[in-house]
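Some notes on the structure that comes next.
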Amino acid sequence: METTERDTLEEVYEVKRSISSSFETYEQFAEWLMSEQEAAKKDGVKFIAA
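Residue numbering for the sequence shown follows the numbering used here, beginning at 1499 and increasing consecutively.
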């Protein structure tokens, strides 16, 4: 079966729902996200501003 753009978007949104449901507040999510980014930076991952 060929993966379509819609399939990919549905998967992205499902992952987003799954992650966001793990936090009671946006602030908790933001703290987690920032800590993940800091850990990635320490591992050499580069981030760019769009």
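Idealized CB from N, CA, C, for every residue including glycine.
As the structure is a prediction and not an experimental result, all values here were calculated from the model.
Notebook entry, point to check: What residue does the alpha helix (DSSP H) around A1528 start on, and which one ends it?
Noted result: 1524 to 1540
### Query
From what residue to what residue does the alpha helix (DSSP H) around K1514 run?
1503 to 1518
> If you draw a straight line from the C-alpha of Y1532 to the C-alpha of T1502, how long is it?
Replying inline: Rather than Tyr, the amino acid found at residue 1532 in this sequence is Met. Going by the C-alpha atoms only, they are around 31 Å apart.
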